[in-house]
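Q: Going by the UniProt record's numbering, the first residue of the sequence shown is number 1, and it counts up by one from there.
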Amino acid sequence: MVRYETGITVVETGRTGSSGYAVRGVDENRLGIMVDGLRQAETLSSQAFKELFEGYGNFNNTRNDIEIENVKTATITKGADSLKSGSGALGGSVIFETKDARDYLIDKNYYVGVKRATQSMNSQNTETITAAGRYKWFDALVVHTERKGNELKNYGYESYDDNVAGIKREKADPYSIIRRSTLVKFGFQPTENHRFAVSVDNSTLKSEGQDLSYSLRPSKYTSEDSAKNGERRVHDSSKRESLQFSYETFSQTPFWDHLKLTYSTQKITNKARSDEYCQGSKCTNVRNPSNLQLVDNNGYEVKANGESINIDQNSAATTTSGKAIQESDFFDADSTYINCSILDCTKPFNLYQKVYNADTFEYSYNKVSRPITIKQLANKKGTYGVVEKTSEDQSLSKKTCYSNFCFDSIYLEKSLVYLLPKAPGYYSSDYNNRDLNTKTTQINLDFDKEFKLFNQLHSVKYGSLYNRIKKDMVNKQGWEGQEIQWWQQAFLGQKGPQPDPEYWMGGRSSYKRSRNGETSSYLIPVTTKNTALYFGDSFSVTNWLGFDLNWRYDTVRHLPNYRSGIDPEIPRGLLAGTMIPIPDSALSGGNGWYNYNHPDYIKNVQDNLNAIQKEAKFKHHSYNLGVNFDPINWLRVQLKYSNGFRAPTSDEMYMTFKHPQFSLAPNTNLKAETAKTKEIAFTFYKDRSYFTTNIFQTDYRNFIDIHS
């Protein structure tokens, strides 16, 4: 959309896609973006946040995009422009208006359209279905769009080696990107002067891929040449749900010709999920080079490629055809528990009777079939099986005498064992699932009025708005099994001496299969309330001289409100000592470390939390003065003087981070950023063309940055 617009580009953020626009050198939150009068979500703009978290790909910290197929008009303003967008429009604004059924129903009562498109730069296919109709007082519009594509191909994409991983990788990381958007509008217009409408605008962007260029992953492969499989997988998404109700009246009164009242709600969730684990048969934790499989043939038996397995006196396992079994191990049957929810425990199990002859110092292995004893789990929520020794599996002893002392000694020691792959049979996927949530409620009241004063036509726009925006973060992290192999499914782990389905088999009682549901947050939830009044007048003194006079007054209030026990917990270490020092009484053992559970430490955390949660209020007058001068029919000269402001975002004011190497303190005394733009533009006209050149200067003050 902005490819051929001078001074405007789309901000790209790598794996999470685009993030708003850049106009004349400023980007993201320093630009206003609105859709149908509703402000769109801002990023977490704290420079400290970007340096601490965003660089590692742990957050989807982007400004949501809008489906271009839904857009009727896009108005781009360059230069400071808080008049239209309020806080944030230092460099300009991008204002979208979505389509309406009336745009398609000119001189007809229905419309159906289908559009297909493709683009080679990311192998994206686009399909759009549009349907509109009118019946008496009612009209409706549905626009549904699906985009399916891949990563954006960088220069040299086809020639770069796809097998290279890490910092040496030149080819773009592989991604699958799917976007679905649905716009639905219903209108009810019982008379020419009154109209009621409801609009639903939902969109979802999903991006899944592998961060092959990510260089901080540990090596879990059998060889370097298999590193192309990667270990870090990405499941990002951006979801926007918008609902809008509006009432319009076109009845002319002394105060307005057109009135519009709008109530809007919007919820935007930007999710970034990263899973780190190895995938593929070459990974060390799931190797099974001899292809050992559990076969059910009226009883369970472990075979290699369908062949039975024999074990000699040296404990070497081979198939019946003589192939050696690689990377296998023995597991004692009395401490290896069978998962009766996966296997039929009423069937026997073919395993090995291991015999040690104390006289000859030799082992022998005999294949035997034994029944499975079914037992109740300790929590009585299921059963498990175990192969117990029969009379044939009991060790044999004999009487041994030395001098006059005799005792019984075991000369044939017997046990039952399974032959299973040596590898653990799973990977513990460490994941981070982080959501940035923005919930907006907004009310707009807008008026239009045209009138003549001293023979001059004035076009007046005025109105007010109120919005409430709540921003919070939910961080979920833990682990869960990936690449789970058959022997981890067929057998249970144990917690202490008892079998437990929540643990991996293999005797490691501390290794749970998963840890989920733990939530935390790095940000204090903040509600921002914004009220605004605006007034604008456009009029012409003569047919060659016109003026635009606009004014707006904004009040922005940040209201931090952390509810202990309700909101996701903020780690104590992020809060302690940030504004109020930690008392020495919380030290443990004199080694400089603090006892996190000490009453004085806990009190310090709460004291700092109370000190941080300080309400902040910002007020600003915005204006825009424009002059249109047409001295001759082929030249127009335009002058503009405008200002804009950006109130500090909640994360810039309240974010805190405590670390021995890098600490960040909140700053509740930040000032609003401001910008003033002075601009002159010359437009030269011909019959079928025109040329415009601009000269501008924008002065910025109070830019917010991180300082040591």
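The beta carbon of each residue, even a glycine, is placed where N, CA and C say it ideally should be.
Assess contact between the region 452 to 462 and the region 368 to 379, defined as three or more Cβ pairs (one per stretch) separated by less than 8 Å. Is contact present?
A: no
Q: Using DSSP with H/G/I as helix, E/B as strand and the rest coil, what is Thr284?
A: Residue 284 sits at position 284 when you count from the first residue of the sequence shown. It is helical.
Q: What residues in its chain sit with their C-beta under 8 Å from that of Ser223, if we drop five residues either side in the sequence?
A: Counting from one through the sequence shown, the residue named residue 223 turns up at place 223. With a pLDDT of 47 at Ser223, under the threshold of 50, the modelled position of that residue is not reliable, and no figure is offered here.
Q: Given a threshold of 16 other Cβ atoms within 10 Å of its Cβ, counted over all protein chains shown, does Tyr594 qualify as buried or as exposed?
A: Sequence index remark: in the sequence shown, residue 594 carries index 594 (1-based). Burial state of Tyr594 is buried, judged by a 10 Å Cβ sphere holding 16 or more other Cβ atoms.
Q: Would you decide whether Asp201 is buried or exposed? Buried here means 16 or more other CB atoms lie within 10 Å of its CB.
A: If you number the sequence shown from 1, residue 201 lands on position 201. Around the beta carbon of Asp201, 16 or more other beta carbons lie within 10 angstroms, which makes this residue buried.
Q: Can you give the beta carbon distance from Ile524 to Tyr426, rounded, assuming they're within the 8 Å contact cut?
A: Residue 524 sits at position 524 when you count from the first residue of the sequence shown. Residue 426 sits at position 426 when you count from the first residue of the sequence shown. Not quite, the Cβ-Cβ distance comes to about 38 Å (not below 8 Å), so this is no contact.
Q: Are the region 620 to 631 and the region 543 to 561 in contact at 8 Å, needing three or more beta carbon pairs?
A: yes
Q: In chain order, what residues of the same chain lie with their CB nearer than 6 Å to the CB of Arg179, ignoring the 5 residues before and after it?
A: For the purposes of this step, residue 179 is identified with residue 179 of the sequence shown, where counting begins at 1. Within the same chain, Arg179 has close Cβ partners Arg147 and Leu205.
Q: Restricting to runs no shorter than 4 residues, where is the alpha helix (DSSP H) found entirely within the region 611 to 682?
A: 650 to 654
Q: Can the beta-carbon of Leu243 be found closer than 8 Å to that of Asn70?
A: The count along the sequence shown starts at 1 and reaches residue 243 at position 243. The count along the sequence shown starts at 1 and reaches residue 70 at position 70. It is not a contact, given that the beta carbons lie outside the stated cut-off.
Q: Just reading off the alpha helix (DSSP H) that Gln488 is part of, what are its end residues?
A: By one-based count along the sequence shown, residue 488 stands at place 488. Gln488 -> alpha helix (DSSP H) spans Trp486 to Ala490.
Q: Using only the alpha-carbon positions, how far apart do Pro583 and Leu664 sit?
A: For the purposes of this step, residue 583 is taken as residue 583 along the sequence shown, with counting starting at 1. For the purposes of this step, residue 664 is taken as residue 664 along the sequence shown, with counting starting at 1. Spanning the two alpha carbons is a distance of roughly 19 Å.
Q: Can you give the beta carbon distance from Ala80 to Leu31, rounded, assuming they're within the 8 Å contact cut?
A: Mapped onto the sequence shown, residue 80 falls at position 80. Mapped onto the sequence shown, residue 31 falls at position 31. Ala80 to Leu31, Cβ: 11 Å. No contact.
Q: State yes or no: is the C-beta of Phe684 nearer than 7 Å to some heavy atom of the ligand FAD?
A: Looking for the ligand FAD in the displayed structure turns up nothing, as the structure carries no ligands at all.
Q: Measuring alpha carbon to alpha carbon, tell me which of Leu587, Thr77 and Thr43 ends up nearest Arg63.
A: As a first step, residue 63 must be located in the sequence shown, where it is residue number 63. Nearest option by C-alpha distance: Thr43.
Q: Do you know offhand how far Asn610's Cα is from Thr656's?
A: Against the sequence shown, residue 610 aligns to sequence position 610. Against the sequence shown, residue 656 aligns to sequence position 656. Approximately 13 Å between the Cα atoms of the pair.
Q: Nearest by alpha-carbon distance to Asn291: which of Gly299, Ala117 and Gln326 is it?
A: Reading the sequence shown from its first residue, position 291 is the one you call residue 291. In terms of CA proximity to Asn291, Gln326 leads the group Gly299, Ala117 and Gln326.
Q: For Met34, does the count of other Cβ atoms within 10 angstroms reach 16, so buried, or fall short, so exposed?
A: Position 34 of the sequence shown holds residue 34. It counts as buried.
Q: How long is the line joining the alpha carbons of Gly37 and Gly133, rounded to whole angstroms?
A: On the sequence shown, residue 37 is found 37 positions in, with the first residue counted as 1. On the sequence shown, residue 133 is found 133 positions in, with the first residue counted as 1. Going from the Cα of Gly37 to the Cα of Gly133 covers about 25 Å.
Q: Classify Tyr426 as helix, strand or coil using the three-state DSSP reduction.
A: Within the sequence shown, residue 426 is the residue found at index 426, counting from 1. Residue state, collapsed to three classes: coil.
Q: Let me know if Arg116 comes out buried or exposed under the rule of 16 or more other beta-carbons within 10 Å of its beta-carbon.
A: Along the sequence shown, one-based indexing puts residue 116 at 116. Here Arg116 is exposed. Its C-beta has fewer than 16 other C-beta atoms within 10 Å.
Q: Could you check the C-alpha separation between Ile374 and Glu170 for me, to the nearest Å?
A: Against the sequence shown, residue 374 aligns to sequence position 374. Against the sequence shown, residue 170 aligns to sequence position 170. Their backbone Cα atoms lie some 56 Å apart in a straight line.
Q: Gly481 lies in the beta strand (DSSP E); which residues open and close that run?
A: The sequence position of residue 481 within the sequence shown is 481, counting from 1. Gly481 -> beta strand (DSSP E) spans Gln456 to Gln482.
Q: Which of the three DSSP states, helix, strand or coil, is assigned to Leu83?
A: Stepping through the sequence shown from its first residue, residue 83 is reached at position 83. Three-state DSSP puts Leu83 in a helix.
Q: Distance, Cα to Cα, Phe491 vs Gly306?
A: Stepping through the sequence shown from its first residue, residue 491 is reached at position 491. Stepping through the sequence shown from its first residue, residue 306 is reached at position 306. Approximately 21 Å between the Cα atoms of the pair.
Q: Does the Cβ of Arg24 have 16 or more other Cβ atoms within 10 Å, making it buried, or fewer, making it exposed?
A: As a first step, residue 24 must be located in the sequence shown, where it is residue number 24. Burial call: buried.
Q: Among the candidates Ser246, Gln119, Gly156 and Trp544, whose CA atom is the shortest distance from the CA of Phe188?
A: As a working mapping, residue 188 is identified with position 188 in the sequence shown. Checking every option, the nearest Cα to that of Phe188 belongs to Ser246.
Q: Answer yes or no: does any C-beta atom of chain B fall closer than 8 Å to that of Ser689?
A: No chain B appears in this structure, which consists of one protein chain only.
Q: Whole angstroms is fine: what's the gap from Asn154's alpha carbon to Ala172's?
A: As a first step, residue 154 is located in the sequence shown; it is residue number 154 there, counting from the start. As a first step, residue 172 is located in the sequence shown; it is residue number 172 there, counting from the start. Distance between the alpha carbons of Asn154 and Ala172 is about 6 Å.
Q: State the start and end residues of the unbroken alpha helix (DSSP H) segment that holds Gly573.
A: Counting from one through the sequence shown, the residue named residue 573 turns up at place 573. Gly573 -> alpha helix (DSSP H) spans Arg572 to Leu575.
Q: Got a sec? Which residues, its chain only, sit under 6 Å from residue 720 by beta carbon, not counting five neighbours each side?
A: Residue 720 is absent from the model: the chain starts at 1 and stops at 708.
Q: Which same chain residues end up closer than 6 Å to Thr75 when comparing Cβ atoms and leaving out the 5 residues on each side of it in sequence?
A: For the purposes of this step, residue 75 is taken as residue 75 along the sequence shown, with counting starting at 1. Apart from the 5 residues on each side of it in sequence, Thr75 sits with its Cβ closer than 6 Å to the Cβ of Ile95 in its chain, given in chain order.
Q: Between the beta-carbon of Asn475 and the beta-carbon of Ser428, is there less than 8 Å?
A: Taking the sequence shown and counting its residues from 1, one reaches residue 475 at position 475. Taking the sequence shown and counting its residues from 1, one reaches residue 428 at position 428. Not closer than 8 Å, so no.
Q: Check Gly322 in the structure and name its three-state DSSP category.
A: By 1-based counting over the sequence shown, the position of residue 322 is 322. Correct three-state label for Gly322: coil.
Q: Would you be able to state if there are at least three C-beta pairs under 8 Å between the region 463 to 474 and the region 435 to 450?
A: yes
Q: Helix, strand or coil: how does DSSP classify Pro254 here?
A: To locate residue 254, count along the sequence shown from 1; it is residue 254. The three-state secondary structure of Pro254, taken from DSSP, is coil.
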